[in-house]
Structures are given as C-alpha cells and as structure tokens.
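Shown next, in structure tokens, is the structure this report addresses.
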Amino acid sequence: MSFNLPPLPYAIDALAPHISKETLEFHHGKHHATYVNNLNGFAEKDPSILGKSLEDLILSATGPVFNNAAQIWNHTFYWNSLSPQGGGEPTGAIATLIDASFGSFGAFKEQFSKTAIGHFASGWAWLVKDGDKVTIVDTHDAGCPLTQGKQPLLTCDVWEHAYYVDYRNARAKYVEAWWNLVNWDFANKNLASKSLG
Ligand SMILES: [Fe+2]
Numbered sequence: 004m005s006f007n008l009p010p011l012p013y014a015i016d017a018l019a020p021h022i023s024k025e026t027l028e029f030h031h032g033k034h035h036a037t038y039v040n041n042l043n044g045f046a047e048k049d050p051s052i053l054g055k056s057l058e059d060l061i062l063s064a065t066g067p068v069f070n071n072a073a074q075i076w077n078h079t080f081y082w083n084s085l086s087p088q089g090g091g092e093p094t095g096a097i098a099t100l101i102d103a104s105f106g107s108f109g110a111f112k113e114q115f116s117k118t119a120i121g122h123f124a125s126g127w128a129w130l131v132k133d134g135d136k137v138t139i140v141d142t143h144d145a146g147c148p149l150t151q152g153k154q155p156l157l158t159c160d161v162w163e164h165a166y167y168v169d170y171r172n173a174r175a176k177y178v179e180a181w182w183n184l185v186n187w188d189f190a191n192k193n194l195a196s197k198s199l200g
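Reminder that position 149 of the sequence shown reads as 152 in my numbering, one-by-one numbering, no gaps.
Have a look at this one:
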C-alpha cells in the first residue's frame, strides 16, 4: 500500500476569502501532493518505507525521506488546524491551558503571531503540549515537534507557498487571516486524544 494524499476536510473554496480556492488548489493539489509522490518514489526503491507510518518515519528517517514524510504529516495537520467555522477565542480545555500558560488569550495570540511572522524563511509555527503546559515552537523547513517529544495541537504553515497567491510577501496579513480560521475544536480533540508530555 502506498501513501495517499488525504482529501481536504472541507470544500476547496470553503476558506475564502481568508485563504483562496487558488491557494488551496496549489497548496493541497500540487505542493502536498508532490510530497506524497516523492515519498512513494522513495518507497519504490526501499520497500521497508511502506511498512512504516508517517509518524514512524518522522521519528526514524533522515534526509529526503524525513523531509517528505514530515511535510505530508505537517500539511494534513495544517488543513485540520483550519476550519470555515473557525476563528474567535478558544473554548474548553485549550482555553484553560492557554490562560494558565500565557496569562491570557491576548498574550498568547501576540506571541504566536510574532513567532509565525518572525520565522526566518520556510517553516512552521506550532502550539504544542509540553508536559502540563502549552507552548509555542517554530520549526524550520519540514521540522515537526514530534521529534522533540512535544504534542502538536495547532499549526500555521509559514512557507511562502501558503500565502504568496493571496498576500504576496505580506506574511503578517496571512497570519491575521489564519486567526479567522483557527480550529479550536481540533486543538481540543488533540488535547483529549493522547498526551506525549
Ligand atoms: Fe505548505
């Protein structure tokens, strides 16, 4: 069995006007799909790859196999971090943890935006569970917090391909749009599902 491109969890135009249909056509249909095709290409040469999950590969592989496995996983996680019904302030367990860890939602939002906007070149900004707290981390290129033993709760893709069609070089405008889509239900689901910390 080969690796597959998971379908978007919503219609391709559902995130507009914050993230356009054209961005999703390229970002999901081309970029995410290319990582899947690349990993399947490596698996043809090394069938042991097919016996592993993406999480196994993220924790054990290096170089191009790691990069493509992690980019597949990161992008699926990113699509789920967004929702046409998202945005606004968090509720439930994630709201309580954000308040306990950052003092307030406003303080968290400011720090997360600063991390996402300030990340140099390609990468990801993440909200993660780290022990009994939630923290913000950024990773370079295909980096994934799973390799640091931290449980991802939400992510913002800050590769240029995530925003160049809609916002050109204005990453700050894209991050502002991300807040209108952030899927707090997904964060709460991740918190409830397992704990690495
Ligand atoms: Fe991306």
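Every residue gets a Cβ at the ideal spot worked out from N, C-alpha and C, and that includes glycine.
Comparing C-alpha positions only, which one of 6, 5, 13 and 9 sits nearest to residue 184?
Within the sequence shown, numbered from 1, the residue matching residue 184 stands at position 181. Out of 6, 5, 13 and 9, 13 has the C-alpha closest to the C-alpha of residue 184.
8 Å CB neighbourhood of residue 77 in its chain, flanking five on each side removed:
One-based indexing of the sequence shown puts residue 77 at position 74. Excluding positions up to five away in sequence, the list reads 127, 145, 147, 158 and 160.
Can you list, in chain order, the residues of its chain whose CB lies under 6 Å from that of residue 140, leaving out five sequence neighbours each side?
What you label residue 140 is simply residue 137 of the sequence shown in a count that begins at 1. Hits under 6 Å: 129, 131 and 148.
Residues in its own chain within less than 6 Å of residue 46 by CB, not counting five upstream and five downstream?
Position 43 of the sequence shown, counting from 1, holds the residue named residue 46. Excluding residues within five positions, the ones whose Cβ falls inside 6 Å are 52 and 53.
Residues in its own chain within less than 6 Å of residue 169 by CB, not counting five upstream and five downstream?
Against the sequence shown, residue 169 aligns to sequence position 166. Excluding sequence neighbours, residue 169 sits near 23 and 26.
Given a cut-off of 8 Å, decide if residue 154 and residue 193 are closer than it, judged by their beta-carbon atoms.
Within the sequence shown, numbered from 1, the residue matching residue 193 stands at position 190. Within the sequence shown, numbered from 1, the residue matching residue 154 stands at position 151. Yes; because the gap between Cβ atoms is below 8 Å, this pair is in contact.
When you measure from the CB of residue 82 to every non-hydrogen atom of ligand 1, does any distance come out below 7 Å?
Position 79 of the sequence shown, counted from the first residue, corresponds to residue 82. Flag unset: Cβ of residue 82 not near ligand 1.
Measuring CA to CA, which of 93, 115, 164 and 57 is closest to residue 124?
Here residue 124 refers to the residue found at position 121 of the sequence shown. The shortest C-alpha separation from residue 124 is found at 164.
On the CB-based measure, 16 or more other CB atoms within 10 Å of its CB, does residue 56 come out buried or exposed?
Along the sequence shown, read from residue 1 onward, the residue named residue 56 stands at position 53. So residue 56 ends up on the exposed side.
Neighbour-count burial assignment, residue 171, 16 or more Cβ in a 10 Å radius:
For the purposes of this step, residue 171 is taken as residue 168 along the sequence shown, with counting starting at 1. It is exposed - the Cβ of residue 171 has fewer than 16 other Cβ atoms within 10 Å.
How about residue 122: is its Cβ closer than 7 Å to a heavy atom in ligand 1?
By 1-based counting over the sequence shown, the position of residue 122 is 119. No; taking the cut-off as 7 Å, the Cβ of residue 122 has no heavy atom of ligand 1 nearer than that.
For residue 102 and residue 48, the rounded distance between their alpha carbons
Counting from 1 along the sequence shown, the entry for residue 48 is found at position 45. Counting from 1 along the sequence shown, the entry for residue 102 is found at position 99. Looking at the two C-alpha atoms, the distance is approximately 49 Å.
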